[in-house]
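Working notes, beginning with the structure itself.
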Amino acid sequence: MKEIKAEDTKFIYFTKVDGYPKETEMGLSIQKRNLFMKEKIERDYRDIRAILTRWIDPHSAFINYLYWNDNSDLDNLDLKVEQGIFSDSDFAHSVKTSYQLTRCPSCASKWHTLILDLDAYFDAPGLAQKKLSEATIKLCPNCGAMLRQLVVKIWDKAE
Ligand SMILES: [Zn+2]
C-alpha cells in the first residue's frame, strides 16, 4: 500500500497484492470494512482497487473503492504506483465510491452497489463536481427505475 496524490486528491492505494485492508493499517484504525466487499476484492480485481481515505481523526481512515469504468489495465497501474511513475491521466476514469446496500424505491429489490462518494473528495471539491458531472448513474436492473442514489456499479441482488 502506498499513500499517493492523484488528480489533486490524496488516498492510500492498495495494489492487488496488498489485498483487502485489515482492521489496522499503517497505524490507522480502519472504518467501514465490509465482508461482501472483502470477498469481491479478493476475487475480482479487474475494475476496482481498495483505497483508504484519511479523515479528521488522525488515527483512523475509511475504506473507499476506486472504480474504473473504462477497462483500464489496473495490474499495470499497480506497478506504476509502486514505482511512483503514475500520472493523473491514469485516474481520469476512476471514481471514489463506497459500498451500499441500495433498495429500489419502485420495486423494493435490494442490490449490492458502489455509490459515488463525494465526501471522499473533501480535499478536492472541484474534482468532486467533475466526477459527478461525468458519472454514469445506474438504474434498477429489475424494473429500470431510478434508484435515487449515485449508483455507479451494481454487483448482485441481495437476499
Ligand atoms: Zn426496481
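Residues in the sequence shown are numbered from 16 upward in steps of one, following this note's numbering. By construction, the Cβ of each residue, glycine as well, lies at the ideal position given by its N, Cα and C atoms.
Which of helix, strand or coil DSSP assigns to Y60: coil
Inter-residue spacing [alpha-carbon to alpha-carbon] between K53 and Y35: 6 Å
Nearest-angstrom Cα separation, counted from N157 out to T68: 33 Å
Among M161, T117, R61, the one whose alpha carbon lies nearest that of S109: R61
Cβ-based neighbour list, L43, same chain, cut-off 8 Å, excluding 5 preceding and 5 following: L67, R69, H74, S75, A76
Contact test: A173 Cβ vs ligand 1 heavy atom, cutoff 7 Å: no
Segments assigned beta strand (DSSP E), at least 3 residues, entirely inside the region 117 to 150: 125 to 131
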